[in-house]
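One structure is given below, encoded as structure tokens.
See below:
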């Protein structure tokens, strides 16, 4: 057979260059094919042409109720615990009881008034409908008048409570009677004590009528 003449250096260089360019082309085609496959597999839709169901957002969790919050704090849901919170001026716990719908009584404010706990007293005034004590004003006015006889002042907070809870006709009429009786005693016997009580009864009456 006829022998092929040896390749020149130029021919060998062209052969190598062609082989390299061919390899590059094969790799390029492989990369394009792989990208097309990935795009096809990740595109929306399934084999039957139906789009997959959209994942619904998880609904937001509801905030715990006031009772649940108290329970998590280890606090018992009862009237005695609420009264203790009022007496120590614990506005956070008292507010949770009120937000949860716990009723309260005017008598529970005695220590708060004595200690000057205006924060919790103001808080209670925001929930007057939850004050469910039966005939609360007799005790409240009696306690207030005795405190005043010992030198305690009739504060703006006292007046606000009187005007909020003790302006019903029966209470006003009774206080008017007590004031008139104090006036008669002071006129019959104008002692310092009788004059003091007349002043106290008159101040309470002026606050509610």
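Residue numbers (our numbering): -3 to 205.
Cβ atoms here follow ideal geometry from the backbone N, Cα and C, with glycine treated the same way.
Bounding residues of the alpha helix (DSSP H) (the contiguous stretch that carries residue i)
i           : result
residue 192 : 188 to 204
residue 84  : Careful: residue 84 lies outside any alpha helix (DSSP H) and carries neither H nor E.
residue 214 : Because the chain is modelled from -3 through 205, residue 214 falls outside the range shown and cannot be assessed.
residue 174 : 165 to 184
Residues of its chain near residue i, where Cβ-Cβ distance is below 6 Å and the 5 sequence neighbours each way are ignored
i           : result
residue 249 : Not covered by the structure: residue 249. The range shown for the chain is -3 to 205.
Cβ-Cβ distance between residue i and residue j below 7 Å
i           : j           : result
residue 72  : residue 119 : no
residue 98  : residue 78  : yes
residue 158 : residue 203 : yes
residue 177 : residue 201 : no
residue 100 : residue 126 : yes
residue 186 : residue 160 : no
Contacts around residue i, its chain only, beta-carbon distance under 8 Å, and the 5 residues preceding and following it disregarded
i           : result
residue 87  : 115, 116 and 119
residue 67  : 73
residue 199 : 144 and 150
Rounded distance between the beta-carbons of residue j and residue i, thought under 8 Å
i          : j          : result
residue 96 : residue 62 : 4 Å
Sequence-distant residues of the same chain with beta carbon closer than 7 Å to residue i, five excluded per side
i           : result
residue 108 : 82, 83, 85, 116 and 117
residue 65  : 92
residue 156 : 121
Cβ-based burial, residue i [other Cβ within 10 Å; buried from 16]
i           : result
residue 196 : buried
residue 189 : exposed
residue 175 : buried
Contact with chain D by residue i, beta-carbon distance below 7 Å
i          : result
residue 76 : No chain D appears in this structure, which consists of one protein chain only.
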